[in-house]
Amino acid sequence: MRQHASYWAFIVHRVSGIALALFLPLHFWTLSNAMQDSIAWTNQPLVKLGEWLIVVALAAHLGGGLRVLALEFLPWRDWQKSLAAAAAAFALAVGLAVALAL
Amino acid sequence: MKVRVQRGESVQEFEVPRQPSQTVLDVVTYIQRYLDPTLAYRFACRVGMCGSCAMTVNGVPRWTCRTHVDRVGDQLEIGPLRNLPVIRDLVVDMREFFDKWARAKGEFRGARTKADDFAKVEPQSAQRVLVDKGIECIGCGVCYAACDVVKWNPDYLGPAALNRAWTLVNDVRDERNPERLRAVAGDAGCHACHSHVSCTERCPKHLSPTAAIAGLKRAVAKAVLQGDL
Amino acid sequence: MSYRTQAVLWIAQRASAAVLALCVAVHLATIIYAVQGGLTSAEILERTRGSVGWFAFYSVFVLAVTLHVPIGLRSICSEWLRWRGPSRDVALLLFAALLAWAGMRAVVGVFA
Numbered sequence: 138m139r140q141h142a143s144y145w146a147f148i149v150h151r152v153s154g155i156a157l158a159l160f161l162p163l164h165f166w167t168l169s170n171a172m173q174d175s176i177a178w179t180n181q182p183l184v185k186l187g188e189w190l191i192v193v194a195l196a197a198h199l200g201g202g203l204r205v206l207a208l209e210f211l212p213w214r215d216w217q218k219s220l221a222a223a224a225a226a227f228a229l230a231v232g233l234a235v236a237l238a239l
Numbered sequence: 140m141k142v143r144v145q146r147g148e149s150v151q152e153f154e155v156p157r158q159p160s161q162t163v164l165d166v167v168t169y170i171q172r173y174l175d176p177t178l179a180y181r182f183a184c185r186v187g188m189c190g191s192c193a194m195t196v197n198g199v200p201r202w203t204c205r206t207h208v209d210r211v212g213d214q215l216e217i218g219p220l221r222n223l224p225v226i227r228d229l230v231v232d233m234r235e236f237f238d239k240w241a242r243a244k245g246e247f248r249g250a251r252t253k254a255d256d257f258a259k260v261e262p263q264s265a266q267r268v269l270v271d272k273g274i275e276c277i278g279c280g281v282c283y284a285a286c287d288v289v290k291w292n293p294d295y296l297g298p299a300a301l302n303r304a305w306t307l308v309n310d311v312r313d314e315r316n317p318e319r320l321r322a323v324a325g326d327a328g329c330h331a332c333h334s335h336v337s338c339t340e341r342c343p344k345h346l347s348p349t350a351a352i353a354g355l356k357r358a359v360a361k362a363v364l365q366g367d368l
Numbered sequence: 003m004s005y006r007t008q009a010v011l012w013i014a015q016r017a018s019a020a021v022l023a024l025c026v027a028v029h030l031a032t033i034i035y036a037v038q039g040g041l042t043s044a045e046i047l048e049r050t051r052g053s054v055g056w057f058a059f060y061s062v063f064v065l066a067v068t069l070h071v072p073i074g075l076r077s078i079c080s081e082w083l084r085w086r087g088p089s090r091d092v093a094l095l096l097f098a099a100l101l102a103w104a105g106m107r108a109v110v111g112v113f114a
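Protein chains in written order, with my numbering: chain S, 138 to 239; chain C, 140 to 368; chain W, 3 to 114.
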């Protein structure tokens, strides 16, 4: 069944939210430990990949969240349909920026 | 062309002649008149005014009288509207749809009587403009069939009922308003909407239940923060 | 759960979302700065330990997360897992407590 942009924006928002909810306790725990020991183990590729995925999930979730806030609080306009695209672009931009940094 | 029609649990295939300017309603009507008189379906005006002919066409809820075969291609799959119980073939039971309309207090009640003067409602006032944006709903059920939250949450009042409630929240003549906000708040009401915007996308009258529901969320929040609810 | 409670949850979710949008932006910028600067954990800790400002900032961050995540999970539980009622809400409260504990433990470890 065909779906439209706003529906996919919702799915990305929800799935990224689930990923973050599952990841955050781990992130808090890792942080406590990494600060105790050397931060060097965070240079392992798998950890870097995990952290990058989390940042992308965060950016995607934030983008999607801004879309929801715009729909709920700003006066209705036709451009609100393009918010899904804006959210996606934002997530991509952050993901790339962080990838470069890592 | 081959047309597949959902009939209860099974799908029946029919061979229907292709005509110029043919609508999906024409196709269904041809099947019932010439191929299988037992096919049950609804229609009335057949000119895009009543909403009775709403069905699922290639996965999308639409008015079949306003859906040209040219537009959707001739690999047609026709089924009843989703999210509502099926009575038979392409006919659904709309009672739950209208019951939810009533639960959302989707009915006008004014305080004036014949003895009072007319209510003065300024057409360009902010509130009336909001009402006018949503008032043309004819209760066809397409938005309700399109909504995933309706699918996932059986108590959810749905886009049409909430859209109507919003028009009444903004109707300065209506006297049921704090009560109405209570009726539309909560897990079964406006707060269950996640802005998929499927309702707005599919509405044949180009209404925006998404905007109406967002308005209800703001109105409820304001009432809660002001202690009015 | 009364409609008023549900309305308050909606308000809390949007408010915490706004707070998180800010916190996440600051956090990401800081992390990118730290990583690009090639700071070691000792160097990072030197800058963060004893910082009242950063401690306060990250405590607000953790509080906002503790509100936002369980309210978000609530809809997912009822819509995708068909889990409704008091048991779901109790489970979510416990998860909120877990997030608060783990979060503050990390904050204390880095900023206290």
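Glycine is no exception: its CB is placed at the ideal position from the N, C-alpha and C atoms.
Source: prediction; values computed, not measured.
Cβ contact annotation for Y60 (chain W) (same chain, cutoff 7 Å, sequence separation greater than five): V109, F113, in chain order. Membership of Q151 (chain C) in the beta strand (DSSP E) is indicated by the continuous run 149–154. At a cut-off of 8 Å between C-beta atoms, K356 (chain C) counts as an interface residue with respect to chain S. Under DSSP, the beta-bridge partners assigned to K141 (chain C) are C:E154.
Contact between L164 (chain C) and T203 (chain C) holds, with the beta-carbon distance rounding to 4 Å and staying under 8 Å. With a contact defined as Cβ atoms closer than 8 Å, P162 (chain S) and L95 (chain W) miss out at about 15 Å.
Not a single CB atom of chain W sits nearer than 8 Å to the CB of R204 (chain S). At a cut-off of 8 Å between beta-carbon atoms, L30 (chain W) makes contact with chain S.
With the criterion set as a beta carbon lying under 8 Å from some beta carbon of chain S, the members of the segment 318–347 of chain C are H333, S334, H335, V336, S337, E340, S347, in sequence order. Exposed is the label assigned to N170 (chain S), since fewer than 16 other Cβ atoms lie within 10 Å of its Cβ. At least one CB of chain C lies nearer than 8 Å to the CB of I13 (chain W).
T68 (chain W) is positioned such that its CB atom lies no closer than 8 Å to that of A20 (chain W).
Where A14 (chain W) is concerned, the enclosing alpha helix (DSSP H) starts and stops at 5–38. For V196 (chain C), there is no enclosing alpha helix (DSSP H); the enclosing beta strand (DSSP E) covers residues 193–196.
Residue environment: M194 (chain C) is assigned as buried (16 or more neighbouring CB atoms within 10 Å of its CB, all protein chains considered). Beta-bridge annotation (DSSP): R221 (chain C) is not paired with any residue. Close to T349 (chain C), with beta-carbon spacing below 7 Å, are these residues of chain S in chain order: L208.
As DSSP reads the structure, E216 (chain C) sits in a beta bridge with C:R143. For W202 (chain C), the beta-bridge partners assigned by DSSP are C:A193.
Residues of the segment 65–97 of chain W whose Cβ lies closer than 8 Å to any Cβ of chain C, in chain order: S77, S80, E81, W82.
For G201 (chain S), no pairing in a beta bridge is given by DSSP. Shortest Cα-Cα distance from D326 (chain C) to any of C:A250, C:Y295, C:V359 involves C:Y295. Here E154 (chain C) is exposed: its Cβ has fewer than 16 other Cβ atoms, across all protein chains shown, within 10 Å.
The shortest CA-to-CA distance from L30 (chain W) to any of S:V192, S:W216, S:P182, S:A221 is the one to S:V192.
Counting other Cβ atoms within 10 Å of its Cβ, E81 (chain W) reaches 16 or more and is therefore classed as buried. Residue nearest to P176 (chain C) within the set C:I352, C:T168, C:A183 is C:T168 (criterion: CA-CA distance). At a cut-off of 8 Å between beta carbons, G200 (chain S) makes no contact with chain W.
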